[in-house]
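S.K.: Note that our numbering numbers the sequence shown so that position 44 is 44, with each residue one more than the last.
Glycine is no exception: its CB is placed at the ideal position from the N, C-alpha and C atoms.
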Amino acid sequence: MLEHSDRGDLVEGSIQRGIFDQLDRGAICQPKGLQKPHIPFWIAGGGEQITLKIAARYAQYTNFGGDDLAVFENKSKVLADHCADVGTNYDSIVRSANFNILCGDTEESVAEKKVWYHDHLSKYVSAKGADRFAALFEPTSGTPEQIVARLKEFEAAGLGYVIVQFADIAYDRESVELFASEVIPAFA
1 MLEHSDRGDL VEGSIQRGIF DQLDRGAICQ PKGLQKPHIP FWIAGGGEQI
51 TLKIAARYAQ YTNFGGDDLA VFENKSKVLA DHCADVGTNY DSIVRSANFN
101 ILCGDTEESV AEKKVWYHDH LSKYVSAKGA DRFAALFEPT SGTPEQIVAR
151 LKEFEAAGLG YVIVQFADIA YDRESVELFA SEVIPAFA
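#1: By DSSP's criteria, A44 is part of a beta bridge. Which residues make up the other side?
#2: May I have the straight-line CA-CA distance separating K123 from A130, to the nearest angstrom?
#3: Please name the residue, chosen from E174, A167, L121, A157, that lies closest to N74 on a Cα-to-Cα basis.
#4: What residue from A186, T106, G46, A134 has the CA that sits closest to G65's CA?
#5: Since T140 contacts D67 with CB under 8 Å, what's their CB separation in whole angstroms?
#6: Tell me the residue span of the alpha helix (DSSP H) that contains Q49.
#7: Let me check understanding here. Comparing Cα to Cα, which of S76, R57, E48 lies closest to S201?
#8: Run through DSSP, which three-state label would L159 get?
#9: Can you tell me which of the three DSSP states F208 falls into?
#10: Can you pull the DSSP bridge partners for C103?
#11: Let me confirm a value: T106 is counted as buried when at least 16 other C-beta atoms fall within 10 Å, else exposed. Which label applies?
#12: Report the rounded CA-to-CA distance for F187 versus S109, giving the unit in angstroms.
#13: If we ignore side chains and look at the alpha-carbon of each, how far apart do A83 and F154 end up?
#14: What do you get for A70, buried or exposed, if any count of 16 or more other CB atoms within 10 angstroms of its CB means buried?
#15: Can you name the start and end residues of the alpha helix (DSSP H) that H82 belongs to?
#16: So, is A134 buried or exposed, given that buried needs 16 or more other C-beta atoms within 10 angstroms?
#17: Just the C-alpha distance for S175 and H120, rounded to the nearest angstrom, thanks.
#18: Ends of the alpha helix (DSSP H) at E174?
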């Protein structure tokens, strides 16, 4: 007996009985080939020898290097080289990156949010851990104007998709509201 599957195309001649299938004699297990179009593959990671080589061969989307423009540009070049090696159109792969955002209407507000975030983390992790996690928000936090300028640099380097994390969203909606009202329209 096999655990029941909704893949009716997998086995011919099966009889469904409850949550299990019982196969008739002579049932043929015949998995079908890859469907076209298939779901897009999103391959995240910046490993230059393996991950980006796999992405060049199979991905429609990639994700790497959101905190450092030079890293993003380097990973993009490595991906382009792997695409050339395997015959994939580099421009057909959407490159994305994650951005950790604390957004405030002034630089003072952003600085206050960074202190708050570090203090908040300190309640749950070691001082070293709080330092490490809070540091993730340094390069991409700022006023809406600063964030737009930063994202425009990445866009010019080929960024096609942005994934954003707001550290303070559960406690204060200002970051996400400023981002929605002032950053997103700059890219619409």
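M.R.: For this structure:
#1: For this step, residue 44 is matched to residue 44 along the sequence shown. Paired residues: N63.
#2: On the sequence shown, residue 123 is found 123 positions in, with the first residue counted as 1. On the sequence shown, residue 130 is found 130 positions in, with the first residue counted as 1. Within the model, the alpha-carbon separation for K123 versus A130 is close to 9 Å.
#3: Reading the sequence shown from its first residue, position 74 is the one you call residue 74. Taking each of E174, A167, L121, A157 in turn and checking the Cα distance to N74, the smallest one comes out for A157.
#4: Counting from 1 along the sequence shown, the entry for residue 65 is found at position 65. Of the candidates A186, T106, G46, A134, the one whose C-alpha sits nearest the C-alpha of G65 is G46.
#5: Here the question's residue 140 lines up with position 140 in the sequence shown. Here the question's residue 67 lines up with position 67 in the sequence shown. In this structure, T140 and D67 form a Cβ contact; the two beta carbons are roughly 6 Å apart against a cut-off of 8 Å.
#6: Looking up residue 49 in the sequence shown gives position 49. That residue, Q49, is in no alpha helix (DSSP H); it is neither H nor E in DSSP.
#7: Shown here, the chain extends from 1 to 188; a query on residue 201 therefore has no answer.
#8: Residue numbering aside, residue 159 sits at position 159 when the sequence shown is read from its first letter. In the structure shown, L159 sits in a strand (DSSP, three-state: E or B).
#9: Missing from the structure shown is residue 208; the chain here goes from 1 to 188 and no further.
#10: As a working note, residue 103 is residue 103 in the sequence shown. In DSSP, C103 forms a bridge with G142.
#11: The residue labelled residue 106 in the question sits at position 106 within the sequence shown. T106 should be labelled exposed.
#12: Residue 187 sits at position 187 when you count from the first residue of the sequence shown. Residue 109 sits at position 109 when you count from the first residue of the sequence shown. Straight-line Cα distance between these residues: approximately 24 Å.
#13: In the sequence shown, the residue the question calls residue 83 occupies position 83. In the sequence shown, the residue the question calls residue 154 occupies position 154. The sequence given here has Cys at residue 83, not Ala. Taking the CA atoms as reference points, C83 sits about 20 Å from F154.
#14: Here residue 70 refers to the residue found at position 70 when the sequence shown is read from its first residue. Exposed, by the Cβ-count rule.
#15: By one-based count along the sequence shown, residue 82 stands at place 82. Taken as a continuous stretch (DSSP letters only), the alpha helix (DSSP H) holding H82 covers 69-86.
#16: As a working note, residue 134 is residue 134 in the sequence shown. With 16 or more other Cβ atoms within 10 Å, it is buried.
#17: For the purposes of this step, residue 175 is taken as the residue at position 175 of the sequence shown. For the purposes of this step, residue 120 is taken as the residue at position 120 of the sequence shown. The straight-line gap from Cα to Cα measures roughly 16 Å.
#18: Numbered from its first residue, the sequence shown carries residue 174 at position 174. Taken as a continuous stretch (DSSP letters only), the alpha helix (DSSP H) holding E174 covers 174-178.
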